[in-house]
Ligand code: SF4
Ligand code: SF4
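Chains as they are written, first to last, in our numbering: chain A, 1 to 209; chain B, 1 to 383.
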């Protein structure tokens, strides 16, 4: 089947366009309109709230540190480590996140719980948990990879500029001190501790499958 | 004695004003462009005195800029011509400052008769005339010709800056500046010939008087007005005619190698040019210091069978005239800045084409038409 041909007409230039002067006047009219609109808004203090109404007519500047455009709920901010009920990290040091991390910026040193601890044998805990936020590309793979909902990026804050590189290395304490955009250090998903009735009781040694 | 005192005062006021003009226009330009582009514009620079913070709607930024310019490293290219390199910014700014000398910014002030009604006999009376102050620094016989001669010298600054910087970008910018300014000088000069023919003078104060007695130059020479405005904007080397600076291809053109206060002289030279060219356009086409329907005796309206005469004291007329001159200049400066932020830049060849193929023939045609009409009106058979 022969393809259809659509001939695009070149926009014709009228004499008015060609003489340029008329177009200059039109352009000046547009810019003058904006000038008087903007000046009127500034003088009367009637500036539209650019955060709430980004498409409103007139001045659209957001005075950044004082006014902020809210981030989307799922926007990926700096990481935080979620807490258990007793305040320890939910992280079980499975290394899934550091394995998934394309920037290889997560360092975890896993540790075993001491003999007699109910959690020994079920899981480990991170002795050290370090993220180099300067290398991080904020892809969120670590959050996707984590089986325990232990690492999240729902903080709603972005990295601040520090004047030395070491300030960008976030250690375990720092990561655990960061709260989510709703102010919690926990996660919405319930956590079942070993020994609780709701805990499935499956571990590496006693796994049924 | 009075002459020397008044002239010194006028020079000091004019230079003092033009020296500030760059700082103020910098602010105007930033704020005006911000308003046009739906932005707020600069407003962060702050002077803190105790608990008080002065931001003055961004005016403090001009002060901050000045301070920054002073403290910048005064770097100079190692190659090139050092003497010319240092001379160039001076040559660029001085002609623009000189131009304001011939522009009349008000009628002649008769000191002895401040509260009286104007009488033409004052000027004829030697004693009164000796105690009169023309509101114009130098009343030259060559008037407009002086303007062209001095404005033409401005190009030397730009060309020398480009030449002495030992930089290819600068050289290109200098060449472009030279050719552009020379081209537009031609159209600019010829566009005024029609006006000179009608006013029958080249003296700027007489031009204003003619316009006061008849009508504003823009109504008898509308084509020349457009041509002159275009050429004047081209002379200031600002957008849309800013190829000599051409950020996108020449870094900063002829002043690429300049830093600190030398750079500031080029930048403020541009603003002074904007200011002076507005004053010139006002004087030649917008009736100078004349306020509509205000004669030297006061408000006079004698058209359409309506006769209103409202006599004012001499000093009120002078004040109104001076204010009207300032208002017209402010309006024209505003429009020039508006044009600068509205129009996209011309390509270099387009600038040349516009200058030689459009403005120059149009200016010549304007001279021809004006001459023909004048000849017809003044021929004995028409009377
Ligand atoms: S967001 Fe991506 S790059 Fe950053 S730590 Fe997580 S996996 Fe690594
Ligand atoms: S944060 Fe999650 S994925 Fe990373 S080691 Fe801890 S439990 Fe595993």
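Ideal placement from N, C-alpha and C gives every residue a C-beta, glycine not left out.
Computed from a predicted model, the values in this text were never measured in an experiment.
Exercise. Along chain B, which residues have their Cβ under 7 Å away from the Cβ of residue 14 of chain A?
Worked result: In chain order: nothing, as chain B lies at least about 18 Å away.
Exercise. Buried or exposed: residue 18 of chain A, going by 16 or more other Cβ atoms within 10 Å of its Cβ?
Worked result: exposed
Problem set entry | As assigned by DSSP and simplified to three states, the class of residue 141 of chain B | coil
Problem set entry | Span of the alpha helix (DSSP H) around residue 179 of chain B | 168-199
Exercise. Should residue 89 of chain B go down as buried or exposed, given a rule of 16 or more other Cβ atoms within 10 Å for buried?
Worked result: buried
Exercise. What residues in its chain sit with their C-beta under 6 Å from that of residue 145 of chain A, if we drop five residues either side in the sequence?
Worked result: Setting aside the 5 residues that flank it on each side, residue 145 of chain A is surrounded in the same chain by 96, 97, 100, each with a C-beta closer than 6 Å to its C-beta; the list follows chain order.
Exercise. Taking the alpha carbon of residue 206 of chain B as the point to measure from, which residue in B:262, B:19, B:140 has its own alpha carbon closest?
Worked result: B:140
Problem set entry | Beta carbon nearer than 6 Å to a non-hydrogen atom of ligand 1 | A:100, A:101, A:102, A:103, A:105, A:106, A:131, A:136, A:137, A:138, A:139, A:140, A:141, A:142
Exercise. Once you ignore the five residues that flank residue 153 of chain B on each side, which residues in its own chain have a CB closer than 6 Å to its CB?
Worked result: So the list reads 95, once near-sequence residues are dropped.
For this session: Return the first residue and the last residue of the beta strand (DSSP E) that residue 112 of chain A is part of.
Result: 106-112
Problem set entry | Contact check, residue 244 of chain B vs residue 166 of chain B, beta carbons under 7 Å | no
For this session: Give every residue of the same chain whose Cβ lies closer than 6 Å to the Cβ of residue 8 of chain A, excluding the five residues on either side of it in the sequence, and list them in chain order.
Result: Result list for residue 8 of chain A: empty, nothing under 6 Å.
Exercise. When burial is assigned at 16 or more other CB atoms within 10 Å of the CB, is residue 366 of chain B buried or exposed?
Worked result: buried
Exercise. Using a threshold of 6 Å, is the CB atom of residue 178 of chain A nearer than that to any non-hydrogen atom of ligand 3?
Worked result: This structure lacks ligand 3; its bound ligands are ligand 1 and ligand 2.
For this session: Please report the Cβ distance between residue 195 of chain B and residue 221 of chain B, rounded to the nearest whole angstrom; I am assuming they are in contact, meaning their Cβ atoms lie under 8 Å.
Result: 5 Å
Exercise. With a cut-off of 8 Å, do at least 3 Cβ pairs link the segment 77-92 of chain A to the segment 43-58 of chain A?
Worked result: no
Exercise. CA-CA distance, residue 80 of chain A and residue 102 of chain A?
Worked result: 18 Å
Exercise. Counting pairs of beta carbons, one from the segment 123-140 of chain A and one from the segment 36-53 of chain A, are three or more of them closer than 8 Å?
Worked result: Not touching, per the Cβ criterion.
Exercise. Hey, is residue 69 of chain B's beta-carbon within less than 7 Å of any beta-carbon in chain A?
Worked result: no
For this session: Check whether the Cβ of residue 35 of chain B lies closer than 7 Å to any Cβ atom in chain A.
Result: Taking Cβ atoms only, chain A reaches closer than 7 Å to residue 35 of chain B, which makes this a yes.
For this session: Give a single yes or no on whether residue 92 of chain A has its beta carbon closer than 6 Å to a heavy atom of ligand 2.
Result: yes
Exercise. Got a sec: which bits of the segment 48-63 of chain A sit with their beta carbon under 8 Å from any beta carbon on chain B, in order along the chain?
Worked result: 58, 59, 60, 61, 63
For this session: For chain B, find out if any of its Cβ atoms is closer than 7 Å to the Cβ of residue 38 of chain A; answer yes or no.
Result: yes
For this session: Indicate whether at least one CB of chain A lies closer than 7 Å to the CB of residue 38 of chain B.
Result: At least one chain A Cβ lies under 7 Å of residue 38 of chain B.
Exercise. What does residue 338 of chain B reach in chain A if we use C-beta pairs closer than 9 Å?
Worked result: 28, 31, 32, 35
Problem set entry | Near ligand 2: residue 95 of chain A beta-carbon under 6 Å from a heavy atom | yes
Exercise. Is residue 150 of chain A near ligand 2, judged by its Cβ being under 6 Å from some heavy atom?
Worked result: Residue 150 of chain A has its Cβ nearer than 6 Å to a heavy atom of ligand 2.
For this session: Note down the Cα distance separating residue 194 of chain A from residue 123 of chain A, rounded to an integer number of angstroms.
Result: 9 Å
For this session: Output yes or no for whether 7 Å exceeds the beta carbon distance between residue 236 of chain B and residue 185 of chain B.
Result: no
For this session: For my contact list, residue 21 of chain B and residue 272 of chain B are in at a C-beta cut-off of 8 Å; report their separation, rounded to the angstrom.
Result: Confirmed, Cβ separation roughly 6 Å.
Exercise. Closer than 9 Å, Cβ to any Cβ of chain A: which residues of the segment 286-312 of chain B, in chain order?
Worked result: Sequence-ordered contacts of the segment 286-312 of chain B with chain A are nonexistent [C-beta pairs closer than 9 Å].
Exercise. If we count the other Cβ atoms within 10 Å of its Cβ and call it buried at 16 or more, is residue 100 of chain B buried or exposed?
Worked result: buried
Problem set entry | Under 7 Å between C-beta atoms of residue 213 of chain B and residue 351 of chain B | no
For this session: Tell me whether residue 124 of chain A sits in a helix, a strand or coil according to DSSP, three-state version.
Result: strand
For this session: Would you please verify whether the beta carbon of residue 342 of chain B is less than 7 Å from any beta carbon of chain A?
Result: yes
Exercise. Nearest to residue 114 of chain A by alpha carbon, out of A:108, A:196, A:177, A:127?
Worked result: A:127
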